[in-house]
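Below is one structure, written out as structure tokens; comments come after it.
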Amino acid sequence: MFNFLRFAVVLTLTALVSCNPAQSQDAPLPTTLPTVMEVRVSATPERARLVIDLGTQSQFSLTSLSGPDRLAIDVRAGAITLAAPEGVPSGTGLVSGFAVRQIGIDRVRTILTLSSPAQVQQAYVLDPFEDQPARLVVDIIPATPEQFATNVAKDLIAASGAAPPGVADTSTPAGGSELPIATRPLVVIDPGHGGIDSGAETASGIKEKDIVLAFGLRLQQLLVESGRFDVALTREDDSFLKLEDRVALARTNKADLFVSIHADSFQQPQIRGASVYTRDENATDVLDKVLADGENRADVVAGFTVPQTAPAVVDILVDLMRREMRVQSFMAAQSIVHQLEPSVELRRFPVRQADFLVLQAPDVPSVLIELGFLSNADDMANLLETGWQDRTADAVARGISLYFDSLKPTE
Ligand code: ZN
């Protein structure tokens, strides 16, 4: 986890410098500054999230403060129109209270009071969409007292200008736990359907296979650009693949994560929203069973027989591995859903289970993302909109990154 966190800290310190008026006097100020319209904080013992609604896109910076332990989040904004400028989070955990103040003509500071040492896991600004304003989202996770003290020291140095010569690099923890990453994890993206199998289709001729291929290619691009992953696709064009071939591709290449992408249909047009599935013989509800049964017939539709997947012999090692993969698959699904949540309409209980055959690899964590449903008009409008596609692909890529972070031992 450490490499990514350090990366996040460097990013935020750069942001601090770039929006410090003292350091950018030559830059013309925009004529209108955004307004802080709403601040929401939620907390559990494992994580906290701050969401700041802004009139428009803005810049931000993050600072760790001690005595008492706090996190300060500054956004470039000209006014506050909050009902209550201070309060307590929903839930109990890492953060015990918050307060919002205008601290300069173009700066609004939100102070989070910490119940225990914590650090920013990630922070990003979402563009406005539909009826939602632009939002700054800050995710916070526990830190050791040493990590927190290091962050406070680094922010002090950053606030006083460049680090003076001779000062030890405090970003390397004692004990030198950081090692270069030898190999990058392999993510296999599986755009559903293809070729003779169009998947879901609307009356106007929009096909699931085309939507999920475009999305898969966009997701591949984002993951490759992050520099952290090798990425393979089960199909890069409009070709047909059997379900078992998709699974085999992931297994043969010893993939670290398999992500199948779909946008199916329900008979009930009111059902909408994104969801992420892991495999379980017992579906979350009857609709999920119908969905999986439909997907599992893809090979039949294309003229192949249904693959026989029931293992003839119970192998205890395979069984143990399968259980471990189910745990990891569930963690991946949760991580992706958590990133989708602030920017995408989700189904109720968005982490779901169903018996999708494409998720059957016993040795590769596997999830299936339903981006939305072609049978719902709102979802379909979203699925065809570039802004929505980009936002959703960004969120899925973040979710995948954070899932891999969570696998690394922290100390
Ligand atoms: Zn599908």
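Just so you know, the numbering used here puts 161 at position 178 of the sequence shown, and the rest follows in order with no gaps. All residues carry an ideal CB built from backbone N, CA and C; glycine is no exception. The structure presented is a predicted model; accordingly, all values stated were derived computationally and were not measured.
Separation of I383 from E264, as counted between CA atoms: 24 Å
Residue(s) in a DSSP beta bridge with D180: G177
First through last residue of the beta strand (DSSP E) which encompasses T261: 257 to 262
Distance cut-off 6 Å: H321 Cβ against heavy atoms of the ligand ZN: no
D221 and G177 closer than 7 Å at C-beta: yes
CB-CB length for K410 against D282, believed under 8 Å: No answer is possible for residue 410: it lies beyond the span of the chain, which begins at -16 and ends at 394.
8 Å contact criterion, which V22 and L65 should meet: CB distance rounded: 6 Å
Cα-Cα separation between G76 and V83, rounded to whole angstroms: 20 Å
Three-way DSSP call (helix, strand, coil) for I189 in this model: coil
Under the three-state DSSP convention, the category F313 falls into: helix
Check whether V135 and S44 have beta carbons under 7 Å apart: no
For I254, three-class secondary structure by DSSP: coil
Boundaries of the beta strand (DSSP E) in which S25 is found, first to last residue: 18 to 26
Pair within 7 Å by beta-carbon distance, L340 and L351: no
Alpha-carbon to alpha-carbon, V19 and L37: 5 Å
Rounded distance between the beta-carbons of Q203 and I172, thought under 8 Å: 6 Å
Per DSSP, the bridge partner or partners of Q85: V91
Pairwise C-alpha distance: R218 and L196: 8 Å
beta-carbon G175 near the ligand ZN non-hydrogen atom, thresh 6 Å: yes
Contact belief for Q322 with L385 at Cβ below 8 Å, rounded distance in angstroms: 7 Å
Proximity winner among T375, R305, G175, F81, relative to R280 (alpha-carbon distances): G175
N-terminal and C-terminal residue of the alpha helix (DSSP H) that P345 is part of: Run containing P345: none; DSSP gives neither H nor E here.
Beta-bridge partners of G74, as assigned by DSSP: The partner list for G74 (beta bridge, DSSP) is empty, contrary to what the question assumes.
Backbone secondary structure at E367 - three-state DSSP: Sequence inspection shows Leu at residue 367; the Glu mentioned does not correspond to that position. In this structure, L367 counts as coil in the three-state DSSP scheme.
Local conformation of L109 per DSSP, three classes: strand
Cβ-Cβ separation, A117 to T15 (assumed contact under 8 Å), whole Å: About 13 Å; that fails the 8 Å criterion.
Spatial neighbours of R229 in its chain, beta-carbon cut-off 6 Å, leaving aside the 5 residues before and after: D173, T217, V341
Exposure label - L97; buried when at least 16 CB within 10 Å: buried
Chain B contact for V334 (CB, 7 Å cutoff): Note that chain B does not occur in the displayed structure, where there is just one protein chain.
C-alpha distance - R306 paired with P345, whole-angstrom precision: 8 Å
Minimum C-alpha distance to A101 - residue among D138, L270, I299, L54: L54
Close-in-space but distant-in-sequence residues of the same chain around A146 (CB under 6 Å, 5 per side omitted): Summary for A146: the model assigns pLDDT 40, below 50, so the residue's position carries little reliability; its value from the coordinates is reported in the next sentence. Excluding residues within five positions, the ones whose Cβ falls inside 6 Å are I140.
Assigned secondary structure, R211 (DSSP; H/G/I helix, E/B strand, else coil): coil
Limits of the unbroken alpha helix (DSSP H) element including Q130: 128 to 142
Which of helix, strand or coil DSSP assigns to G80: strand
Local conformation of T235 per DSSP, three classes: helix
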